[in-house]
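Same order as they appear, the protein sequences are chains A and B.
Under my numbering, the first residue of the first sequence is numbered 1, with each subsequent residue one higher.
Under my numbering, the first residue of the second sequence is numbered 294, with each subsequent residue one higher.
In this text, a Cβ means the ideal position worked out from N, Cα and C, and glycines have one as well.
Protein chains: 2
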Amino acid sequence: MDFKSYLASRTALVDRALDRFLPKAKTKPSTLHVAMRYSLFAGGKRLRPALVLATAEACGGTTDAALPHAAAVECIHTYSLIHDDLPCMDDDDLRRGRPTNHKVYGEGVAVLAGDALLTAAFEMLAQAQGTPRYSVAALVTELAHASGSRWLIGGQVADLEGEGRPLSGEELKYIHRCKTAALLTASIRLGAMSADATPKGLTAVTDFGQSLGLAFQIIDDILDVTQTTEMLGKTAGKDVKATKATYPAILGLEKSRAEAYRLTKRAHTALKPLGNKAARLREFADYLLARDY
Amino acid sequence: MDFKSYLASRTALVDRALDRFLPKAKTKPSTLHVAMRYSLFAGGKRLRPALVLATAEACGGTTDAALPHAAAVECIHTYSLIHDDLPCMDDDDLRRGRPTNHKVYGEGVAVLAGDALLTAAFEMLAQAQGTPRYSVAALVTELAHASGSRWLIGGQVADLEGEGRPLSGEELKYIHRCKTAALLTASIRLGAMSADATPKGLTAVTDFGQSLGLAFQIIDDILDVTQTTEMLGKTAGKDVKATKATYPAILGLEKSRAEAYRLTKRAHTALKPLGNKAARLREFADYLLARDY
Chain A
1 MDFKSYLASR TALVDRALDR FLPKAKTKPS TLHVAMRYSL FAGGKRLRPA LVLATAEACG
61 GTTDAALPHA AAVECIHTYS LIHDDLPCMD DDDLRRGRPT NHKVYGEGVA VLAGDALLTA
121 AFEMLAQAQG TPRYSVAALV TELAHASGSR WLIGGQVADL EGEGRPLSGE ELKYIHRCKT
181 AALLTASIRL GAMSADATPK GLTAVTDFGQ SLGLAFQIID DILDVTQTTE MLGKTAGKDV
241 KATKATYPAI LGLEKSRAEA YRLTKRAHTA LKPLGNKAAR LREFADYLLA RDY
Chain B
294 MDFKSYLASR TALVDRALDR FLPKAKTKPS TLHVAMRYSL FAGGKRLRPA LVLATAEACG
354 GTTDAALPHA AAVECIHTYS LIHDDLPCMD DDDLRRGRPT NHKVYGEGVA VLAGDALLTA
414 AFEMLAQAQG TPRYSVAALV TELAHASGSR WLIGGQVADL EGEGRPLSGE ELKYIHRCKT
474 AALLTASIRL GAMSADATPK GLTAVTDFGQ SLGLAFQIID DILDVTQTTE MLGKTAGKDV
534 KATKATYPAI LGLEKSRAEA YRLTKRAHTA LKPLGNKAAR LREFADYLLA RDY
């Protein structure tokens, strides 16, 4: 199976799991469940849950065992997008090619739909089976830490605080580590934990995740500058408009591309201890480097 | 020890646990951690975590074992207040006698401080020790379910949707069950679970919690009508102003008081199987019935 077909098959698995784990749209109060599903099933690329599944595979685990972890990280990702898009944050009207949650359901329901997806993430993760090395408590700690005040949410606060003033390269890296790399790395670690990875295996994929996470955000920044709104499914050029610090703004386009390439190579190197089992993870890194949306 | 001294000693224990579990105020990004602590240490009555500890005691457990559960429910309660007070929800300026979180830190940070407290709740709960009957996964499921889209958050959505139109008694009961009773009952159940309660014990405190939760909200509604803003530490009379349905509005003051009394008696009856160990829980129910703020 080529990588694009592989990714499509993972997306289908994740979509079915999310549909199964989440309350039906008609569950009372229906407005809320409809709003949660509107953003969750908006055609997201499912990169984070697919990384969970690919890492489980690379560590000798099964897809079935990793589905609660995969569904949970996608709920966290989607909630963070709903809240980031709010008028009091990035104030965006378009996400995944459709009006943002608050544009359709109003701000109050959008805040609550985000809250509910965040809460549902932990309810889903609690359905996972622990393994000899990693209890459910360890899984919850991993996800809560990466998506909590020190990382995912902390990065959004730093991003808010940095708006409209020039940021240093260090500040920019800090925001990206928090907002993007932390949840990508946690996705990868949760996949490894679902497979009861050895300490050596967990270290390898953690290194992989850290390089990949940073490369991912650089490419996001580049696409924001070079692609159209239609291609991205979200407002293009908004980082520039908001005078947000981005890699292209600080390093220029060429050096940013070179940096993304260097980090992707480093990600490959990190996977060496896992051998052939990590083939899909390697393809994943190359795919993310080459993506155009 | 009389009940007020008992409650004060529990509050002190919970405050110390929260301070220990939560990142320090200077942890990066400091704005966020300061905002989280502003609302968490705003002089809340700590009723929910105190119920966790009193129930643990009633079921033969220890306070120490129940502290992560107690801290977690207080984080959930505080996050829900921060989000409910936002301009896009109840739009309130005053909470626990101080300006609301968004009034001090802005709406963006307030949304994120709420998100971070919600996430921290699960990180804290994952620090709990499971017991033979109740794993950490069971604890996380309990808290996520009660504070999720079907209950706590669902109730807030129903509350938003009901604003400005007359609600039936049934609708009102539904909102209260979701917004208040569910988290109170979960607090009580988590306390029992920390003590490895027998199935019979868990059923008894669950019945207790359901009656108590409804009584609690009726008394809240009564206080909103009869007390001043200064006494409550939050804007008084706002339910009436918002033409929100309340028990006094639907049943009248006297019948509402009688209903709260009847539910408190029923809560007492539910505790019979626990015998003398539940003495503090009985005092708790009486205290909540008689409170004037």
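Write down the C-beta distance between residue i and residue j rounded to the nearest angstrom, noting that I regard them as a contact closer than 8 Å.
i	j	result
residue 51(A)	residue 218(A)	Incorrect: roughly 17 Å between the Cβ atoms, too far for contact.
residue 351(B)	residue 493(B)	Going by Cβ atoms, the distance from residue 351(B) to residue 493(B) rounds to 13 Å, so no, they are not a contact pair.
residue 171(A)	residue 162(A)	6 Å
residue 495(B)	residue 479(B)	The Cβ separation is near 12 Å, so there is no contact.
residue 574(B)	residue 348(B)	6 Å
residue 394(B)	residue 378(B)	7 Å
residue 136(A)	residue 430(B)	4 Å
residue 400(B)	residue 88(A)	4 Å
Out of the options, point me to the one whose CA is closest to residue i's CA.
i	options	result
residue 63(A)	169(A), 74(A) and 194(A)	194(A)
residue 122(A)	300(B), 455(B), 434(B) and 493(B)	434(B)
residue 80(A)	39(A), 55(A) and 137(A)	39(A)
residue 264(A)	284(A), 255(A), 280(A) and 246(A)	284(A)
residue 94(A)	223(A), 22(A), 42(A) and 172(A)	42(A)
residue 272(A)	253(A), 216(A), 208(A) and 286(A)	208(A)
residue 321(B)	159(A), 60(A) and 25(A)	159(A)
residue 173(A)	292(A), 18(A), 44(A) and 259(A)	259(A)
residue 307(B)	359(B), 554(B), 297(B) and 477(B)	359(B)
residue 60(A)	136(A), 287(A), 155(A) and 131(A)	131(A)
residue 26(A)	477(B), 447(B), 545(B) and 470(B)	447(B)
residue 389(B)	346(B), 568(B), 518(B) and 337(B)	337(B)
residue 459(B)	560(B), 340(B) and 540(B)	540(B)
residue 120(A)	267(A), 210(A), 224(A) and 20(A)	20(A)
residue 559(B)	503(B), 396(B), 572(B) and 297(B)	503(B)
residue 542(B)	499(B), 450(B), 426(B) and 517(B)	517(B)
residue 274(A)	262(A), 206(A) and 261(A)	206(A)
residue 90(A)	3(A), 220(A), 47(A) and 157(A)	157(A)
Run through chain B and tell me which residues come within less than 9 Å of residue i, C-beta to C-beta.
i	result
residue 34(A)	Chain B residues near residue 34(A): none, gap ~11 Å exceeds 9 Å.
Do residue j and residue i come within 8 Å of each other at the CB atom, strictly closer than that value?
i	j	result
residue 445(B)	residue 472(B)	yes
residue 109(A)	residue 31(A)	yes
residue 1(A)	residue 117(A)	no
residue 215(A)	residue 289(A)	yes
residue 515(B)	residue 461(B)	no
residue 197(A)	residue 270(A)	no
residue 69(A)	residue 125(A)	yes
residue 77(A)	residue 183(A)	yes
residue 544(B)	residue 483(B)	no
residue 286(A)	residue 227(A)	no
residue 421(B)	residue 375(B)	no
Kindly list, in the order they appear in chain A, the residues whose Cβ is closer than 8 Å to that of residue i.
i	result
residue 443(B)	23, 27 and 28
residue 446(B)	32, 112, 115, 116 and 119
Find the residues of chain B that neighbour residue i, judging by a C-beta separation of less than 7 Å, and give them in chain order.
i	result
residue 83(A)	404 and 408
residue 88(A)	400, 401 and 404
residue 137(A)	419 and 429
Against residue i, what residues of chain A qualify as contacts under a CB-to-CB distance less than 7 Å, listed in chain order?
i	result
residue 449(B)	112
residue 416(B)	141, 144, 145 and 148
Along chain A, which residues have their Cβ under 9 Å away from the Cβ of residue i?
i	result
residue 413(B)	144, 148 and 149
Run down chain B in chain order and give the residues with a C-beta less than 8 Å from the C-beta of residue i.
i	result
residue 161(A)	322 and 324
At least three beta-carbon pairs within less than 8 Å, the segment 131 to 149 of chain A to the segment 67 to 78 of chain A: Yes, the segment 131 to 149 of chain A is in contact with the segment 67 to 78 of chain A.
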